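Residue numbers (the numbering used here), protein chains in the order written: chain A, 129 to 248; chain B, 129 to 248.
Presented below is the structure to which this report refers.
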DNA sequence: TCTTTATTTAACCACTCGGTTAAATAACGG
DNA sequence: CCGTTATTTAACCGAGTGGTTAAATAAAGA
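In structure tokens:
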């Protein structure tokens, strides 16, 4: 099935190992072996993580002899941030409950005493 | 197992249905039934999505009679954005390859002709 | 009290995920 | 050509995910 880019990106970022790999790549491209070194897991496991990152476009891989260097390509993160930014006001004004309450009143949802129409 | 907050958040955001639910909640709190309406899936499925969102703190649930209204709490998104922001320069200067190249030269990684020391 | 409405829980299923080990592939260098 | 190094592929496994249907729970209202 075809899964959207944004979901792929968030899903790739949801793993601590992959985030650590991305962090490492901010200081320049490097080999798979070197990326694997800090992690207590097998090379194939790292290889799989790299594939996930590559699939969603967070890294690109070239070839230099035996070694296949990985490079950070942060573009997909922009989409993620753009999506999240639409919620900035919500986390910034999180205690400003009055405004939220007033907004809810306007949209006529739950709070305003939704009653079932009693006769008696 | 105990999974970190950031991973939980990214993982929760990785599903289109859950993102749609969050988007809906920006216009005020509402009931489970109403949240389910636009989606072609059963109520228990929505209930599970809501649990995921609640677990990572992206929504809170209260009680108003039969109905259990959900409310957006965007705070966890702040952590996500904070993490992503560290990569802003990387996606903004993505074509500025010269700078990247120079940085790689400095850190002495792959590119500078890593040779295996041939004798002949 | 009985029925309806709102929501969750339980049990199940196919599939994905994150890991493993063993084997395959590819390039280097002697 | 052969051995070493770098990396991926294959096959497997246990746990988690995202969905289902059927049943349980809880409050509202007649």
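All C-beta atoms, glycine included, are put in the ideal place defined by N, C-alpha and C.
For clarity, every value in this text was computed on a predicted model and none was experimentally measured.
- Here the alpha carbons of residue 192 (chain A) and residue 182 (chain B) stand approximately 47 Å from one another.
- Interface residue (Cβ-Cβ distance to chain A less than 8 Å): residue 135 (chain B) is classified as such.
- 8 Å or more divides the Cβ of residue 163 (chain A) from the Cβ of residue 186 (chain A).
- The criterion of a C-beta distance shorter than 8 Å is not satisfied by residue 219 (chain B) and residue 176 (chain A).
- Between residue 199 (chain A) and residue 133 (chain A), the C-beta spacing is not below 8 Å.
- Annotation: Cβ neighbours of residue 154 (chain B) in chain A (cutoff 8 Å, chain order): 214, 215, 218.
- Counting along the chain, residue 187 (chain A) sits inside no alpha helix (DSSP H); it lies in the beta strand (DSSP E) bounded by residues 187-189.
- Residue pairing for residue 199 (chain A): DSSP places it in a beta bridge opposite A:188.
- The secondary-structure analysis by DSSP pairs residue 158 (chain A) across a beta bridge with A:198.
- When Cβ-Cβ separations below 8 Å define contact, residue 139 (chain A) makes contact with chain B.
- Measuring C-alpha to C-alpha distances from residue 130 (chain A) to each of B:203, B:130, B:190, B:144 identifies B:144 as the nearest.
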